[in-house]
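All remarks here apply to the structure that follows.
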Amino acid sequence: MRKLFLKSIKSSTRNKFSTYIMVIAFFSIAAILVEAGILGSLFKGLLVPMCYYIILAVSLNLTVGILGELSLGHAGFMCVGAYVGGVFSILTKDIITSALIRFPLALVVGGLAAGLFGILIGIPILRLKGDYLAIVTLAFGEIIKKLVQNIYIIKDVTGFHFSFATSIDTSTIDSESKQVILNGPMSISGIPKNANIVIGVILVLITLFVIMNLVDSRSGRAFMAIRDNRIVAEGIGINITKYKLIVFSFSAFFAGVAGSLFAHFSTVDPTKFDYNLSILILVFVVLGGIGNIRGSVIAAVILYALPELLRSFQNYRMLIYAIVLIVMMILNNNEKFLRFKERFTFKRLFAKKHAKEDA
Amino acid sequence: MSFLNYLISGLSLGSIYALIALGYTMVYGIAKMLNFAHGDIIMVGGFTVFTAISSFQFSPAISIITGIIVCTVLGVVIEKVAYKPLRNASSLSVLITAIGVSYLLQNLALLIFGSSSQNFSSVVTMKPWQINKQLVISGETIVTIIVTTAIMIALTLFVNKSKPGKAMLAVSEDKGAAQLMGINVNKTISVTFAIGSALAAVAGILLCSLYPQINAYTGQMPGIKAFIAAVLGGIGSIPGAMIGGILLGIIENLSKAYISTQLADAISFAVLIIVLIIKPTGILGKKITEKV
Amino acid sequence: MALLEIKDLCISFGGLQAVQNFSISIEQNQLYGLIGPNGAGKTTVFNLLTGVYKPTSGSITLDGQGISGKSPMEINKSGIARTYQNIRLFSNMSVLDNVKVGLHNQIKYSAFSGIFRLPSYWKQEKLMNERALKLLKVFDLEHQSKNLSCNLPYGKQRKLEIVRALATNPKLLLLDEPAAGMNPNETAELMNTIKFIRDEFNIAILLIEHDMRLVSGICEQVAVLNFGSELTHGNTNEVLKDPRVITAYLGE
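Protein sequences appear in the order of chains F, X and S. All residue numbers for the first sequence refer to my numbering, where the first residue is 7 and numbers rise by one. All residue numbers for the second sequence refer to my numbering, where the first residue is 165 and numbers rise by one. All residue numbers for the third sequence refer to my numbering, where the first residue is 57 and numbers rise by one.
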């Protein structure tokens, strides 16, 4: 019995470590190749986005794959993280001068704000299921996007000036000390661009550590029980509300962290956080394998990089992407293809070789 | 402009949403899938009519018929090629495939027509109707409301009275049982996609006549709005889609007029959320009791 | 005092009286049968007992504590566990994990300890594994602990469902047609298993069953439902001889 216990722990730990090592190895090699000039600057610019897309995909997989609730509003949480994290950095630029302290704080603050939204949105929609939940999360994502596009904040010596839906009357503002923080659809300007690949990879590792350990624990089993059969899970004493909210808040928290990372890397354009982005992340999750965390990492890297690297094909790249998407979904649900695939996996080939040797 | 004016233009926008929502709701009822590509059929319909008029110099009537035929065929082909192989797959796989089809249609349109918007010349030749000084109703609005009302009546009669219509109801109720009763499920699904796509084509033509611009993404937002309308009314319910669509159009127009143009979409979405929180299956949705 | 006391339990679904004025009491350690023709409302009684449905009127008392109207989660915590007519396992989870979910409220640690692998995680997780494997061993399932539960053969899935229910440490176990789909040999084995559970875990069992050999073989008391109302209840042998019961099953 003890042996079985140790064995089961070992296999899950091995699985996790191989994921960490995969991430570290990939980004180290990529960084070295970029430094050595083998991979061009185009690829270099993709490394940090890869990090936030991995975080987004892994955190969405927690909701969709582990808890089994379809969400189409992940971009909304990223949006909250980007805005709150970005504004935090602008406001504290003069107080906390060291980016080494300020930036991690901005990441955490962005994540916490998004996590709070996750709970606030989660409570009213606990009763909803399946497609209804999907459409409501989509609606929430779009509402968040619209709201942030209508916030105006200007700071001057007299303090902060807020406005909603209409821009601030600049005649009342001291023009000497005026600092525009949020300017409605024009968004945020002046966020220090602190993000780099090292911080990105560290964040990816932290996300993986937290989410994989959470899934492989008492709480994780509760999530999966709710996914497999909510009524039975409740009948064996699992608090559905509590565990759903845990998932919503963790998922939103990490989306917020990814958003904050994004805000410190490129220009924040609020129209970017629409349902198309949520769907893109969902595609990563589905193609990487529902509930498969490592699959989400791999899918995020490949599916993000592919269209970017195909830029030379300009007009055809998204067309190719669409066709790949449809063909992959059809093949993945085709029994003949699955059997064919099974026959040619490495494991099988290897096993056959052994069997022959034994004979 | 007067309140009545906003209300009437809201009604015409809402009727278009309702036409699109009908397609969503019928497909959902029958195939239990969210057909995300449905909105892009609108765009295809619009572009077909645009090309027929501007490149082939067809008359508006023939152009409209061409548009409807192209969309109907396209809808059936999409179902056969992309969705049929996934009949037994998870709903998420089907959703992603539908998204793939949506990308495909958008990017094909981008390749053919480029990324800039084209000017669509209205197919409606009716003159505006001047009731009094404040109240002027455009020909497009009148035609939209008349056409939609006619289609809704016809569709209701078709579903409730005709044999293929009843087959649709039976398949949406219980696919297995319908099959055992001798209903050809594959054919019924094809018919549903054909009708849904034809309605989307009509909606596309009306939409492009009301707002005379067209590009590859024209169908996206109306598609999402119609999806919201279908859910608002109770997805799977035909009268629900009609009510949801019209309600959403009116809410959108009135909030644009009296609250904020910027926030109109957010308000429509908020209404959906509030309705679903109060009634989790929409206005006319059936209450789902979980079997234990 | 009786373990479970049901008094005048009623529920109606939009005018249809699914169960009316149902009253029985089950003693500690008793094996109690609930029989009746199809559609008599037996599973509805289970759903009322476990909080899936809220009764229209009437009371349910477990160990002196009123439980009617409480949520399924609270009712499970106060000591009722069940199996389902159509097997309902967590099919994408391993056999072992199915049992460990059952132990959810028995052996606890916080999500925080789980994430950071604090000592309580290791200690409690080890305890959980030991307890789960011990339970599986009792039912001869320990060699399949790593399999996905959906890959088990039918009979073992039924057993696993019982193990999962037992893991929640109930005072009363509800079995919904445990012998459905079993051949006579398997049913005989099941009868031994049910008696064994009662003695080993020292709990009361209420079971719905159509197989009269099983009911007369192990149940000490039995209640008969017909069209939602109670026909009779009492000593098994006497009840099964009651002409009213025979009419209910076979017709006039």
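Beta carbons: idealized from backbone N, C-alpha and C, even for Gly. All values reported here derive from a predicted model rather than from experimental measurement.
Cross-strand partners of residue i (DSSP beta bridge)
i          : result
His-289(S) : Ala-279(S)
Asn-283(X) : Gln-377(X)
Asp-137(F) : Note: Asp-137(F) sits in no beta bridge, so no partner.
Ile-66(S)  : Just to set this straight, residue 66(S) is Cys in the shown sequence, not Ile. Paired residues: Ser-113(S).
Glu-61(S)  : Ser-81(S), Thr-117(S)
Tyr-158(F) : Ser-169(F), Asn-189(F)
Asp-232(S) : Ile-264(S)
Gly-122(S) : Thr-117(S)
Leu-72(S)  : Phe-69(S)
Gly-204(S) : One detail in the question is off: residue 204(S) reads as Leu in this sequence, not Gly. Partner(s): Ser-150(S).
Gln-294(X) : Val-300(X)
Ile-194(F) : Leu-188(F)
Buried/exposed call for residue i, threshold 16 Cβ in 10 Å
i          : result
Arg-220(S) : buried
Lys-226(X) : The question names Lys, but residue 226(X) is Ile in the sequence shown. Classification for Ile-226(X): exposed.
Ala-361(F) : Its pLDDT being 47, under 50, Ala-361(F) is placed unreliably by the model, and the measurement read from it follows with that caveat. Counting Cβ neighbours within 10 Å, Ala-361(F) comes out exposed, since fewer than 16 surround it.
Ile-263(X) : buried
Glu-256(S) : exposed
Met-345(X) : exposed
Lys-389(X) : buried
Met-385(X) : exposed
Met-192(F) : exposed
Asp-364(F) : In this prediction, Asp-364(F) scores a pLDDT of 44, lower than 50, which makes its location untrustworthy; the coordinate-derived value is nonetheless stated afterwards. Exposed.
Gly-243(F) : buried
Tyr-322(F) : exposed
Val-204(F) : exposed
Cys-206(S) : exposed
Glu-148(F) : buried
Gly-51(F)  : exposed
Lys-359(F) : Residue confidence is low: Lys-359(F) scores 48 on pLDDT, short of 50, so the model does not pin down where it sits. Its coordinate-derived value is still stated next. So Lys-359(F) counts as exposed.
Thr-176(F) : exposed
Ser-47(F)  : exposed
Asn-185(S) : buried
Beta-carbon separation (whole angstroms), residue i vs residue j, contact threshold 8 angstroms
i          : j          : result
Ile-261(S) : Leu-231(S) : 6 angstroms
Leu-238(X) : Ile-217(X) : Rounded, the Cβ-Cβ distance is 19 angstroms, inconsistent with contact.
Met-238(S) : Asn-245(F) : At roughly 35 angstroms, the Cβ-Cβ gap does not stay under 8 angstroms, so Met-238(S) and Asn-245(F) are not in contact.
Leu-208(S) : Leu-90(S)  : Going by Cβ atoms, the distance from Leu-208(S) to Leu-90(S) rounds to 27 angstroms, so no, they are not a contact pair.
Ile-402(X) : Leu-319(X) : 7 angstroms
Residue range of the beta strand (DSSP E) that includes residue i
i          : result
Ile-186(F) : As written in the sequence, residue 186(F) is Val, which differs from the Ile given in the question. Here the beta strand (DSSP E) through Val-186(F) covers 185-189.
Glu-337(X) : Taken as a continuous stretch (DSSP letters only), Glu-337(X) belongs to no beta strand (DSSP E), being part of the alpha helix (DSSP H) at 327-337.
Leu-311(S) : No information on residue 311(S) is available, as it lies outside the stretch 57 to 308 that chain S covers here.
Phe-170(F) : 165-170
Ile-91(S)  : 87-91
Terminal residues of the alpha helix (DSSP H) in which residue i lies
i          : result
Ser-284(F) : 281-294
Gly-114(S) : From DSSP, Gly-114(S) is part of no alpha helix (DSSP H) but of the beta strand (DSSP E) over 113-118.
Arg-138(S) : It is not in any alpha helix (DSSP H) - Arg-138(S) instead sits in the beta strand (DSSP E) that spans 136-138.
Ile-326(F) : 323-338
Leu-312(F) : 299-315
His-80(F)  : 80-98
Asn-25(S)  : This structure cannot settle anything about residue 25(S), because the visible part of chain S is limited to 57 through 308.
Thr-189(X) : 167-195
Glu-256(S) : 240-257
Tyr-267(X) : 255-277
Beta carbon proximity, residue i to chain C, threshold 8 angstroms
i          : result
Ile-171(S) : Here the protein chains are F, X and S, and chain C is not one of them.
heavy atom of the ligand COA below 7 angstroms from residue i C-beta
i         : result
Leu-68(F) : Although the ligand COA was asked about, the structure shown includes no ligands whatsoever.
Contact set between the stretch 381-400 of chain X and chain F, restricted to residues whose Cβ is under 8 angstroms from the partner: Ile-388, Phe-391, Ile-392, Val-395, Ile-399
Output needed in chain order: residues of the stretch 248-264 of chain X with a Cβ under 7 angstroms from some Cβ in chain F. Pro-249, Leu-250, Ala-253, Leu-256, Ser-257, Ile-260, Thr-261, Ile-263, Gly-264
So if I threshold CB-CB distances at 8 angstroms, which residues from the stretch 227-240 of chain F count as touching chain S? Arg-227, Ala-228, Met-230, Ala-231, Arg-233, Asp-234, Asn-235, Ile-237, Val-238, Ala-239, Glu-240
The stretch 209-229 of chain F: positions lying closer than 7 angstroms to chain S by Cβ: Val-216, Asn-219, Leu-220, Ser-223, Arg-224, Ser-225, Arg-227, Ala-228
Under 8 angstroms, CB to CB, which of the residues in the stretch 246-260 of chain F have a partner in chain S? Ile-246, Ile-252
Could you run through the stretch 288-304 of chain F and flag, in chain order, every residue whose CB is less than 8 angstroms away from some CB of chain X? Leu-288, Val-289, Val-292, Leu-293, Ile-296
Quick one: which residues of the stretch 120-131 of chain F get their C-beta closer than 8 angstroms to a C-beta of chain X? List them in chain order. Pro-130, Ile-131
Which residues, taken in chain order from the stretch 27-41 of chain F, show a beta carbon closer than 8 angstroms to some beta carbon of chain S? none
For the stretch 115-133 of chain S, which residues have a beta carbon sitting closer than 9 angstroms to at least one beta carbon of chain F? Ser-127, Pro-128, Met-129, Glu-130, Ile-131, Asn-132, Lys-133
Give the residues from the stretch 428-442 of chain X that approach chain F closer than 8 angstroms (Cβ to any Cβ), ordered along the chain. Asp-429, Ala-430, Phe-433, Ala-434, Leu-436, Ile-437, Leu-440, Ile-441
Residues of the stretch 264-287 of chain X with a CB closer than 9 angstroms to any CB of chain F: list them in chain order, please. Gly-264, Val-265, Ser-266, Tyr-267, Leu-268, Leu-269, Gln-270, Asn-271, Leu-272, Leu-274, Leu-275
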